[in-house]
Structure formats: structure tokens, C-alpha cells
Amino acid sequence: PGSMINLYVEVIQADGGTRCAAINALTLACVVAGIPMKDFVVACAAGCIDDTPLLDLNYLEDSARGVDMPVAIFPKTDKVLMLQMDYRVDMEAYEKVMKLAVQGCHRIYQVLVSEVK
């Protein structure tokens with residue numbers, strides 16, 4: 001309480017998903033460093049191209065002008081901490097992509113937890 005930590009990430013090479021990868025890397029670094037946290041912060045992007053939902057879009061998929069939605073959550077509560085969407089979509093597409101992104105976040109959470117045990 002009452003403290004602040006500044007964290008910086010330098011991306012050397014990217015094929016999409018840099019924001020989500022940075023969030024996950026910083027979370028893991030904080031946990032390994034023993035910094036007290038309420039929960040992990042995990043992030044994953046999902047999207048939709050030609051009505052096909054996709055998880056963790058690469059650069060080409062992200063550039064296809066479909067829906068790309070990076071999401072970060074607290075996995076214990078599913079509280080959304082970050083959500084970005086650059087295009088308007090109907091509610092049905094939004095719900096599909098959001099559900100997939102949250103599922104992706106939970107999969108990443110499982111991997112991160114297995115790394116710190």
C-alpha cells in the first residue's frame with residue numbers, strides 16, 4: 001500500500017501480441033521477485049476474421065482488418081482490467097471473441113502458475 005513500481009519492457013522482435021506478452025512477462029517477473037499481488041494479471045488477445053474466432057492473433061491475422069481484442073483479467077475473479085477494440089462489432093461477435101479471450105487468459109494463467117511452483 002502506498003507504493004508504486006514502474007516496469008518497462010523492450011520488445012526486440014514481434015509477430016503480434018506484444019502488449020499481452022509484455023503484461024504476462026511483467027506479471028511473472030513480479031511473482032518471481034516476491035512482490036505481493038492480489039492476483040496474477042494475465043492477458044490474451046482474441047479476434048475474428050470472416051466470422052472465425054481466433055486466439056492469440058499473429059501479425060498477419062491482426063493486419064487482416066478483422067476484430068482484434070486484447071484483454072487482461074484477474075483470473076480468480078475474471079475482473080476485466082484491460083479491453084481494447086478498434087472496430088465496431090455486433091454483440092454476438094463481441095461475446096464470442098470476449099469468451100475466447102478470457103479462456104485464453106485462463107490457459108496462460110495455468111502456464112504461469114506452473115512456472116512458479
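Each residue of the sequence shown is one higher than the one before, counting from 1 in the UniProt record's numbering. The C-beta atom is built at its ideal place from N, Cα and C for all residues, glycine as well.
Query, Result
"Other residues of its chain near residue 27: CB distance less than 7 Å, five sequence neighbours each side excluded", "40, 41, 42 and 112"
"Test item: CB-CB of residue 53 and residue 97 under 7 Å", "yes"
"Nearest residue (CA-CA) to residue 44, options 56, 34 and 92", "56"
"Straight-line gap, residue 99 to residue 12 (C-alpha atoms, nearest Å)", "30 Å"
"Boundaries of the beta strand (DSSP E) in which residue 108 is found, first to last residue", "That residue, residue 108, is in no beta strand (DSSP E); its alpha helix (DSSP H) goes 91 to 116."
"Reduced DSSP secondary structure (H/G/I, E/B, other) of residue 78", "coil"
"Residue from 30, 36 and 46 whose Cα sits closest to the Cα of residue 20", "46"
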